[in-house]
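Note sheet for the following structure.
2 protein chains.
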Amino acid sequence: MPQTNPRILLARRPQGAPVPEDFRFDEAPLPDLADGEVLVRHRFISLDPYQRGRMDAARSYAKPVEIGGVMECGAVGQVAASRDARFHEGDWVLGGFGWQAFSARPGRALIPIDPAEAPPSTALGVLGMPGLTAWVGLTDIGQPKPGEMLVVSAASGAVGQVVGQLARIAGARVVGIAGGIAKCAFVKDELGFDATVDHRGDLDAQLDAACPAGVDVYWENVGGAVQAAVFPRLNDFGRMVMCGMIAQYNTAAGAAATGAPPGPNLGPVVRKRLRIQGFIVNDTGWQRYAQFRAEMLAHIAAGRLRWKEDVVQGLAAAPAAFIGLLQGRNFGKLVIALD
Amino acid sequence: MPQTNPRILLARRPQGAPVPEDFRFDEAPLPDLADGEVLVRHRFISLDPYQRGRMDAARSYAKPVEIGGVMECGAVGQVAASRDARFHEGDWVLGGFGWQAFSARPGRALIPIDPAEAPPSTALGVLGMPGLTAWVGLTDIGQPKPGEMLVVSAASGAVGQVVGQLARIAGARVVGIAGGIAKCAFVKDELGFDATVDHRGDLDAQLDAACPAGVDVYWENVGGAVQAAVFPRLNDFGRMVMCGMIAQYNTAAGAAATGAPPGPNLGPVVRKRLRIQGFIVNDTGWQRYAQFRAEMLAHIAAGRLRWKEDVVQGLAAAPAAFIGLLQGRNFGKLVIALD
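Protein chains in written order, with the numbering used here: chain A, -16 to 322; chain B, -16 to 322.
Have a look at this one:
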């Protein structure tokens, strides 16, 4: 076993879009294990848009990462040493860790993963936080019904992929908004969405063609111009599932900015009886993880659910990959594979 | 019985704020009664902000009034003639009628009113559509809990009065926003709200003082500057009950305007898990009217619920009273008393 723990720290708070200098590589000693703790050797770490918010000092739903602290993330790995009798060397686990090679965590904070059920990296994507996000938001807020029209932005991303496929399984028609020909082709041809909209083209014309009868559920991952184009198309009793607004995460003070650009006039919310609701998967999602995972595994076994990962090799590549994620340069769920 | 039916018609579609010339007085013959119909002599007709929307041609949740058509409204009155065996001359009834002295309606469209329970005009206010609106929106969306902070705009109005009192009965603390010293004093001293904010003063400073720990439920009746001041104060898991936005009903094309002023950036909806939801009382409210009325009568009997009406005499005064309503010149639930 290596004697040091390579890790990536937050060097300073970003001014707008993060740059490589906002991160710092570091090697720490391997952590000691307290009673009940487990040492996990990370095999895959998860890069997700929410981590941008943790880099800002502004108050949000979770505490910011401290300057000099390890960047936070979910990860899957294998037990390297254990002082919890339920875990043994080599066991696969999922947990909330950091951008580093090893983590020591209480056993009770870990979720065991059976690699025979699905490749372990899926515990960071379709079977992990992003998939759970899609499942919770659709179950609690979106509630797509047969024949309804659901539009999802960032459709080829980790959450968007699952949102569209689960909505189709529920009987809805699904339009995915993505950036560029390759992502749109993937969403339509590989994931089976009914239509796609390339946000680099004419949004209104494409939405007119794809959703001539309006939109019943809009899954919001991006905000900005895409939100402005979809919002007026919401039908009576439409739902807007507010999952994220990545388009503004790099503005001066992130999503918390009081100087953020204005949003839609809310008059139609009354007239059309719209429901605009935000949620954070961590609030109630993990209590329902077992049900979620069972349903998802059944969909996978039946050939109803696919996924695409964007796997980048090596911890040192994480900052550049994360910077690209915020620019939409990833293609599928972004994970870092560690040696 | 008079032989003619005085009424007020929509003369033309308003350009912005309605003016007297948008209305036209008219006398029609008394309507003939078909089998099953009831002739109702109106005693009180109800002027409400939603009627502004019916004057525009724009698509909304209800059909516009035609040019030359009778202005729509709710009314209470007494049966003048009946071809429905369940109704007899002199019975008090509530229904959807028009700005006129008599209406012929199918008996099944009428709700009997017992004048011994409460003054009949209350069937247009605290026990009618505005009260039911408050009850439905709080039950389905606002759901104030003991100790939570609810803010309601247009607090002395027909809906706002009831919203605040029902929220206090539910154990919430309640701040009412109203225009001017007299309305604020009424809301605090007569209705028992915990504090008031005069929207003619410094909104931010008054809200800082009244809601130092933020807002859990915002009941939106007005939009505009009041919405902009309250929205950033919503706490995590806050609810915004979208009942109306009277501040923009007189803009170019009313609430349906595509050129309406922008609203709040929706980033906080994700971060704070907000729920912004609109509703129309007619969707599900009247199916629950019996339960609503029973609960409200119990509150009144226990001395927990008060109301204020602004009673204007005579059908001919309706246009000016309605124009004033849209400017906030009424004080309490606006009704027109007919001779």
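A virtual CB, placed ideally from N, CA and C, is assigned to each residue, including glycine. In this text the structure is predicted, and so the values were computed from the model without any measurement.
query: Which residue's Cα is closest to the Cα of V62/A: R91/A, R35/A, H25/A?
result: H25/A
Sufficient close CB pairs (3 or more, under 8 Å) joining the stretch 36 to 46 of chain A to the stretch 64 to 75 of chain A: No: fewer than three Cβ pairs fall under 8 Å.
message: Restricting to Cα atoms, I'd like to know which of Y201/A, Q310/A, N313/A, R37/A is closest to Q260/A.
response: Selected option, being the one with the closest Cα: Y201/A.
field: Residue from R222/B, A101/B, A284/B, S86/B whose Cα sits closest to the Cα of D123/B
entry: R222/B
message: So A243/A contacts chain B; which residues on that side make the cut at Cβ distance below 7 Å?
response: N248, G250
field: Where H282/A sits in the DSSP three-state scheme
entry: Helix.
message: Please tell me whether L317/B has its Cβ less than 8 Å away from any Cβ of chain A.
response: So no, L317/B is outside the interface.
task: Identify each residue in the stretch 39 to 68 of chain A for which the Cβ-Cβ distance to at least one residue of chain B is less than 7 Å, and report them in chain order.
output: S43, Y44
- prompt: Could you give the distance in angstroms between the alpha-carbon of Q(-14)/A and the alpha-carbon of A84/A?
  reply: 11 Å
- prompt: DSSP on V134/B, reduced to helix/strand/coil?
  reply: strand
field: Span of the beta strand (DSSP E) around E81/A
entry: Note that residue 81/A corresponds to Gly in the displayed sequence, not to Glu. Looking at the DSSP string, the run of the beta strand (DSSP E) that includes G81/A is 75 to 81.
query: Name the DSSP beta bridge partners of L(-8)/A, please?
result: Paired residue(s): R7/A, V53/A.
task: Identify whether S139/B lies in helix, strand or coil by the three-state DSSP scheme.
output: In the displayed model, S139/B falls within coil according to three-state DSSP, outside both helix and strand.
query: Would you report the Cα separation of L190/B and D293/A, rounded to the nearest angstrom?
result: 48 Å
- prompt: Can you find a CB in chain B that lies within less than 8 Å of the CB of G261/A?
  reply: yes
query: Counting Cβ pairs, one atom from each stretch, are 3 or more of them under 8 Å apart for the stretch 282 to 296 of chain A and the stretch 290 to 307 of chain B?
result: no
- prompt: D266/B touches chain A at which residues, Cβ-Cβ below 8 Å?
  reply: The answer, in chain order, is R256.
query: Can you list the residues of chain B that G325/A reaches, using a CB-CB cut of under 8 Å?
result: The structure shown does not extend to residue 325/A, since chain A spans only -16 to 322, so no value can be given for it.
query: In whole angstroms, what separates the C-alpha of A304/B from that of L121/A?
result: 46 Å
message: Which of the three DSSP states is assigned to G221/B in this structure?
response: strand
field: Any C-beta of chain B under 8 Å from that of G227/A
entry: Output row for G227/A: interface = yes.
field: Three-pair Cβ contact test at 8 Å for the stretch 135 to 153 of chain B versus the stretch 105 to 114 of chain B
entry: yes
- prompt: To the nearest whole angstrom, what separates the beta carbons of I229/A and L309/A, a pair I think is in contact under 8 Å?
  reply: 7 Å
Contact with chain B by V253/A, beta-carbon distance below 8 Å: yes
message: I'd like to know whether the C-beta of Q231/A is nearer than 8 Å to at least one C-beta of chain B.
response: yes
query: Distance, Cα to Cα, S136/A vs A299/A?
result: 30 Å
Sheet register partners of W202/A (DSSP bridge): V135/A, V224/A
- request: Going by CA-CA distance only, name the one from P3/B, A208/B, N248/B that's closest to A161/B.
  value: Of P3/B, A208/B, N248/B, the residue nearest in Cα terms is A208/B.
query: Where does the unbroken alpha helix (DSSP H) through R85/B begin, and where does it stop?
result: The residue asked about is misnamed: residue 85/B is Phe in this sequence, not Arg. From DSSP, F85/B is part of no alpha helix (DSSP H) but of the beta strand (DSSP E) over 85 to 89.
field: T267/B versus W82/B, A165/B, D219/B, V119/B, residue with shortest Cα-Cα distance
entry: Comparing Cα-Cα distances from T267/B to each of W82/B, A165/B, D219/B, V119/B, the minimum goes to V119/B.
task: Compute the minimum distance between the beta carbon of V294/A and the heavy atoms of the ligand NAP, and state whether it is under 7 Å.
output: No copy of the ligand NAP appears in this structure; indeed no ligand is present at all.
query: How would you label A238/A, buried or exposed, when you count the other beta carbons within 10 angstroms and need 16 or more for buried?
result: Since pLDDT at A238/A reaches only 42, below the 50 mark, its modelled position is unreliable, and the value read off the structure follows with that caveat. Counting the other Cβ atoms within 10 Å of the Cβ of A238/A gives 16 or more, which makes it buried.
message: Strictly under 8 Å for the Cβ-Cβ distance: is G207/B near chain A by that measure?
response: Not an interface residue.
- prompt: How about A193/B and V213/B: are their beta carbons less than 8 Å apart?
  reply: no
query: If we call anything under 8 Å between Cβ atoms a contact, is E55/B one with G90/B?
result: no
- request: Have a look at the DSSP bridge pairing and note the partners of V179/A.
  value: Looking at the sequence itself, residue 179/A is Thr, so the reference to Val does not match. According to DSSP, which records beta bridges pairwise, T179/A is partnered with G159/A.
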